[in-house]
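Going down the list, the sequences are from chains A and B. Under the working numbering, the residue at position 105 of the first sequence is numbered 102, and the numbers go up by one with no gaps. Numbers in the working numbering are just positions in the second sequence, counted from 1, shifted up by 145. Glycine is no exception: its CB is placed at the ideal position from the N, C-alpha and C atoms. The structure displayed is predicted, hence computed values, not measured ones. Notes to accompany the following structure.
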Amino acid sequence: GDSVTQTEGQVALSEEDFLTIHCNYSASGYPALFWYVQYPGEGPQFLFRASRDKEKGSSRGFEATYNKETTSFHLQKASVQESDSAVYYCALGDRNSGTYQRFGTGTKLQVVP
Amino acid sequence: EAAVTQSPRNKVAVTGGKVTLSCNQTNNHNNMYWYRQDTGHGLRLIHYSYGAGSTEKGDIPDGYKASRPSQENFSLILELATPSQTSVYFCASGDWLANTGQLYFGEGSKLTVL
């Protein structure tokens, strides 16, 4: 079945560092791809989505580009802040039928001042 | 603002007991979902629904039932709870045809089965 792989379980950075969280997907079709962020004690929140090859999604300084060739949707931010500390989830969903979204295992980002 | 409300927020149950987790959404979304969150597994889909009266199995439905009596409400039922079902459960709603297709999550229900 369709799946999402996030290779980093945890990432530790200092403020103003550059962030990359890797997301690769496996799908039989042409999925839409999502990033969500989860703060402690809360449910996941939508960050952004991309639904076609080479489309860039972005929000709050975070961005990712859909790459169909490498089946990737890596999350990046140029300069992280302590307030970005959270768990980040990559997800995929069927772009046409509106069924469920499948999530990766999540990456916990800790940013120290 | 889209709103998904879960109850109870915390629940302690005994093995073999029945547990019902409830979810209410005021978004008028057709689709609703139940996920569980576990360290090392992320969010895994248990059941979902396309509208009132419909329920569908997700990736890990064994040991769970779901009920969607109305557009607003979606329940997850554990008829015979087991310690392996100790987890944090999230309800979500979404409407693919509207805007981004994003899911709106509740704040979670922490279930401990002793």
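Residue range of the unbroken beta strand (DSSP E) whose run includes residue i
i	result
S194 (chain B)	G187 to S194
A197 (chain B)	Premise fails: A197 (chain B) is in no beta strand (DSSP E) and is neither H nor E.
Q98 (chain A)	Q98 to F100
Beta-carbon proximity of residue i to residue j, cut-off 8 Å
i	j	result
G101 (chain A)	G251 (chain B)	no
Y256 (chain B)	A158 (chain B)	Note on residue identity: the sequence assigns Leu, not Tyr, to residue 256 (chain B). Yes, Cβ-Cβ distance for L256 (chain B) and A158 (chain B) is below 8 Å.
V77 (chain A)	L16 (chain A)	yes
F43 (chain A)	T184 (chain B)	no
E5 (chain A)	I18 (chain A)	yes
A61 (chain A)	A47 (chain A)	yes
H192 (chain B)	L221 (chain B)	yes
W179 (chain B)	A211 (chain B)	yes
Inter-residue spacing [alpha-carbon to alpha-carbon] between residue i and residue j
i	j	result
S25 (chain A)	D91 (chain A)	10 Å
K53 (chain A)	F45 (chain A)	9 Å
A75 (chain A)	T231 (chain B)	38 Å
C168 (chain B)	P214 (chain B)	11 Å
T160 (chain B)	S229 (chain B)	10 Å
M177 (chain B)	K51 (chain A)	30 Å
G103 (chain A)	Y97 (chain A)	17 Å
W32 (chain A)	Y86 (chain A)	6 Å
Interface partners of residue i on chain B, CB under 7 Å
i	result
T102 (chain A)	G185, H186 and G187
Nonlocal neighbours in the same chain, by C-beta distance under 6 Å from residue i, ignoring five residues either side
i	result
V233 (chain B)	Q182, G253 and K255
Cutoff 7 Å; reference residue i; Cβ partners in own chain excluding five residues on either side
i	result
R99 (chain A)	D(-1), S0, V1, A88 and L89
P110 (chain A)	E12 and E79
Listed by chain order, chain B residues near residue i by CB distance under 8 Å
i	result
A29 (chain A)	G246
Proximal residues of chain A, C-beta to C-beta of residue i below 9 Å
i	result
F235 (chain B)	G40 and P41
Neighbour list for residue i in chain B, Cβ cutoff strictly below 9 Å
i	result
Q107 (chain A)	The premise fails here: Q107 (chain A) is roughly 15 Å from chain B at the closest Cβ pair, so nothing lies under 9 Å.
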